[in-house]
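**Q**
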Amino acid sequence: MYSESITLQSQPEEKDEIRLIKGKLKKKRWYEFETKILWNNAIFIIIIHVLGLYYTITFPYLDHKILTVWGIVVGFMSGIGVTGGVHRLWTHRAYKANVPLRIILAILYYTAGQNRIYNWVRDHRVHHKYTDTPADPHDTNRGFWFSHVGWLMMKKRPEVRKCGKEIDMSDIINDPVVQFFDGNYLLLNTLFTFVVPTLIPYYFFDQSLKWSFISQGLIRYPMVLNATWAVNSFAHMFGYHTYDKSITPAENMWVSFVAGGEGSHSFHHVFPWDYKASEFKSVFFNATTCWIDMFAQIGWAYDLRTVSPEHIKRTVQRRGDEIVENKKELTKKRWYEFETEVVWSNVIIITFLHVMALYYLFAYPYWKYKILTVWGIVVGTMGGIGVTGGAHRLWTHRAYKAKTPLRIILAILFYTAGQNKIFDWVRDHRVHHKFTETPADPHDSKRGFWFSHVGWLMLKKRPEVIEKGNLIDMSDILNDPVVQFFDRHHMKLKLLFNMIIPVFIPIYFFNQSFKWSFITQVFIRYPWSLNFTWSHVFPWDYKAAEFKSVLFNTTTCWIDLFAKIGWAYDLRTVSPEHIKRVVERKGDGTHPKYSCLSKN
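Just so you know, we're using this note's numbering here: the sequence shown kicks off at 1 and counts up by one.
#1: Taking only the alpha-carbon atoms, compute the straight-line gap between Ile47 and Ala363 and give it to the nearest angstrom.
#2: I need the boundaries of the alpha helix (DSSP H) containing Asn115, first residue and last residue.
#3: Considering just the uninterrupted stretch of the alpha helix (DSSP H) at Asn511, what are its terminal residues?
#4: In or out: Arg585 buried (at least 16 other Cβ within 10 Å) or exposed?
#5: Unbroken beta strand (DSSP E) runs of length 3 or more, entirely within the segment 25-92: which are they?
#6: Would you kindly work out how many angstroms separate the C-alpha atoms of Thr388 and Val465, rounded to a whole number?
#7: Residues bridged to Val342 by DSSP?
#8: From Pro442 to Ala411, what does the alpha carbon distance come to, in whole angstroms?
#9: Can you tell me the Cα-Cα spacing of Tyr31 and Thr140, whole angstroms?
#10: For Tyr95, count the other beta carbons within 10 Å of its own beta carbon; 16 or more makes it buried, fewer makes it exposed. Which is it?
#11: Compute the Euclidean distance between the alpha carbons of Asn326 and Ser264, then round it to the nearest angstrom.
#12: Apply the 10 Å Cβ neighbour rule to Gln317 and answer buried if 16 or more other Cβ atoms are within range, or exposed otherwise.
#13: Report buried or exposed for His602, applying the criterion of at least 16 other Cβ atoms within 10 angstroms of its Cβ.
#14: Around the Cβ of Lys36, are there at least 16 other Cβ atoms within 10 angstroms (buried) or fewer (exposed)?
#15: How big is the Cα-Cα spacing for Ser517 and Ile507?
#16: Cα-Cα, which of Val149, Lys156, Phe144, Ile117 is closest to Asp136?
#17: Let me know the secondary structure DSSP gives Ala97 once reduced to three states.
#18: Could you check which residue in Thr83, Arg314, Tyr275, Trp291 has the C-alpha nearest to that of Arg305?
#19: With the cut-off set at 8 angstroms, would you say Ile117 and Trp90 are in Cβ contact?
#20: Given a cut-off of 8 angstroms on the beta-carbon distance, is the pair Glu262 and Ala250 in contact?
#21: For the putative contact between Gly52 and Ile219, defined by C-beta atoms under 8 angstroms, what is the C-beta separation to the nearest angstrom?
#22: Going by CA-CA distance only, name the one from Lys65, Trp456, Asp171 that's closest to Arg93.
#23: With 16 as the cutoff for other CB atoms within 10 Å, does Met153 come out buried or exposed?
#24: Which whole-angstrom value is the C-beta distance of Tyr110 and Thr193, which I expect to be below 8 angstroms?
#25: Distance check for Phe238 and Tyr130, CA to CA, integer angstroms please.
#26: Please classify Trp39: is it buried, with 16 or more other beta-carbons within 10 angstroms of its beta-carbon, or exposed?
#27: DSSP three-state call for Met169: helix, strand or coil?
#28: Return the bridge partner residues of Met603 from the DSSP annotation.
#29: Using the Cβ count rule (16 or more neighbours within 10 Å means buried), how would you classify Lys328?
#30: For Gly79, which of Ile104, Leu67, Leu62, Phe59 has the nearest alpha-carbon?
#31: If you follow the alpha helix (DSSP H) that Met223 is in, where does it begin and where does it stop?
#32: Taking the beta carbon of Phe538 as the centre, do at least 16 other beta carbons fall within 10 Å, making it buried, or is it exposed?
#33: What is the DSSP secondary structure of Ala417, reduced to helix, strand or coil?
#34: Buried or exposed: where does Trp145 fall if 16 or more other Cβ atoms within 10 Å of its Cβ makes it buried?
#35: How many Å lie between Phe213 and Asn41 at the Cα?
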């Protein structure tokens, strides 16, 4: 199946046909879809996630510690029902389980509040047999959100239904445990997902019914759903293709953590019958395997199927991606050993900031401190403008020019974001554009998602990065008096604009407490503003995008505002004709205007 799809994709006429199909699809409005929407599912999923997001942020975790711990326990156990039960046992028959264990797994699975076991198994078997084809229920070719949750909101394609009917489901039909639970689906799903988890802390731990329900029904339940769905989306789109480079399933450690060991997806799709669903065992990154092993010790789980190390080695050498081929020496290193030395001061600061940010993201009383919440958003937005409109579009790419007053404003805003010196930021980003995804790229994405996101700031640069950085022309930055002044006083101005001023303004002008002002700015706004991304094809275009939008391209609106008063000028942009030529020559056929059918 996979080799055929690769052959088809390698033929130019087939690529044109794919672009033609995508061109047709792109003529639809945003609210039009390939198949009909299942409104009951869509409304329920949207409501549960809107309420889930609200209560995840506002839930008083510290005031309800028992409910917080209980939510984690139930979430973990229901996840085992999905991963160890409906997935590894019933779908892939990777091991066998006696009746008591099957009953336990069925209860845990129904606690996760998903579909009937029969339907889950059928859809997942179809997914494995027809991965990333029109018959795949959550085909990743239809986009991240479709593979994550959209497929549950829409009617299935005819190909999915047809192939689903052809899947052998005799083992599931003949399992009395499955038949009993599926035969009483609505009752048992409601009972184990909502009623029992809510009433246990209410009756046994003297917790309020309101907060018990919220913690279970509106926080724990959506989180478990998304942990399951992450396997279909994140683990198909992000990670190394260690065991087969010709298919989309990838090795994603973070999915393994949140989904009980299901993130070793490249391994799993190559060896779906292995009960570990991974080459390795780990309490933290493969809790499901530890669960199965525990029941194997008492004989409730047996006939555990696994793949020999020799078979794995042959497969990796024959079909694995070049990451494995080119980094054989690296794979011998321990998890704490890296290609270059660790910059421990950066590691400690970044880790501490993000641990505190994660804690206060959930524990912060947003509604109680509305002024600080709004102020945090304002400062975060303005700091972001300093990065995107200043260091990025003005100083790095010279996409427009700015008068001294605007350059001073942008420098202040950039320093409010609390990043590196402007000189260093510009140099690294110019190197990144010139040597994208090579050993000279400071945040080379080939070294993995987390390295390109933040890891590159925690490690010493490769020699190639340093060498190429020394060759970059930085004369414009060296001759800019605004940049030189701010960079010369980097640490003092960074503390002043990133922390002191944002913290003290709400204290002196809005009568807010120092404690919560500091937490808002330093432990919430600052870490969030650090998590930025950038884009590439036309780096000199001041918009950094083809389209303007207040919501999706605020920086462009900011530059346009100052262009009106003459502080920003010589705005460089790309002509529609140039964009069209590039899209037609290099694009993937998804452009909403310049599709293959735009001439027809």
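Note that beta-carbon positions come from the ideal geometry of N, C-alpha and C, so glycine has one too.
**A** Let me lay it out:
#1: As the crow flies, the alpha-carbon of Ile47 is around 23 angstroms from that of Ala363.
#2: Careful: Asn115 lies outside any alpha helix (DSSP H) and carries neither H nor E.
#3: Run containing Asn511: none; DSSP gives neither H nor E here.
#4: The Cβ neighbour count for Arg585, taken over all protein chains shown within 10 Å, is under 16; the residue is labelled exposed.
#5: Complete beta strand (DSSP E) runs here, min 3: none at all.
#6: Using only the alpha carbons, I get a separation of about 23 angstroms.
#7: Secondary-structure assignment with DSSP links Val342 through a beta bridge to Leu459.
#8: Using only the alpha carbons, I get a separation of about 23 angstroms.
#9: A caution first: Tyr31 carries a pLDDT of 45, below 50, which makes its placement in the model unreliable, though a value can still be read off. When the Cα atoms are used, Tyr31 and Thr140 turn out to be separated by approximately 20 angstroms.
#10: The residue in question, Tyr95, is buried, as its Cβ has 16 or more Cβ neighbours within 10 Å.
#11: Because Asn326 carries a pLDDT of 41, less than 50, the predicted location of this residue cannot be relied on, and no value is offered for it.
#12: With fewer than 16 Cβ atoms within 10 Å of its Cβ, Gln317 is classed as exposed.
#13: Here the chain covers residues 1 to 600 and nothing more, so residue 602 does not appear.
#14: With fewer than 16 Cβ atoms within 10 Å of its Cβ, Lys36 is classed as exposed.
#15: Each residue's alpha carbon lies about 7 angstroms from the other.
#16: When each option's Cα is compared against that of Asp136, the closest is Lys156.
#17: Correct three-state label for Ala97: strand.
#18: Checking every option, the nearest Cα to that of Arg305 belongs to Tyr275.
#19: Result yes, Cβ atoms of Ile117 and Trp90 sit closer than 8 angstroms.
#20: Taking 8 angstroms as the Cβ cut-off, Glu262 and Ala250 do not qualify as a contacting pair.
#21: That pair is a contact at about 6 angstroms.
#22: Minimum Cα distance to Arg93 is reached at Asp171.
#23: Counting Cβ neighbours within 10 Å, Met153 comes out buried, since at least 16 surround it.
#24: That belief holds up - the Cβ atoms of Tyr110 and Thr193 are roughly 7 angstroms apart, short of 8 angstroms.
#25: Roughly 20 angstroms separates the two Cα atoms.
#26: With fewer than 16 Cβ atoms within 10 Å of its Cβ, Trp39 is classed as exposed.
#27: Correct three-state label for Met169: coil.
#28: Outside the shown range of the chain, which is 1 to 600, sits residue 603, and nothing can be said about it.
#29: Because the pLDDT of Lys328 is 38, which lies under 50, any placement of that residue in the model is unreliable, and the question is left without a value.
#30: Checked all of Ile104, Leu67, Leu62, Phe59; the closest Cα to Gly79 is Ile104.
#31: Counting along the chain, the alpha helix (DSSP H) containing Met223 begins and ends at 221-237.
#32: A caution first: Phe538 carries a pLDDT of 46, below 50, which makes its placement in the model too unreliable to give a value.
#33: The three-state secondary structure of Ala417, taken from DSSP, is coil.
#34: Looking at its Cβ environment, which holds fewer than 16 other Cβ atoms inside 10 Å, Trp145 is exposed.
#35: Phe213 and Asn41: Cα-Cα distance of roughly 21 angstroms.
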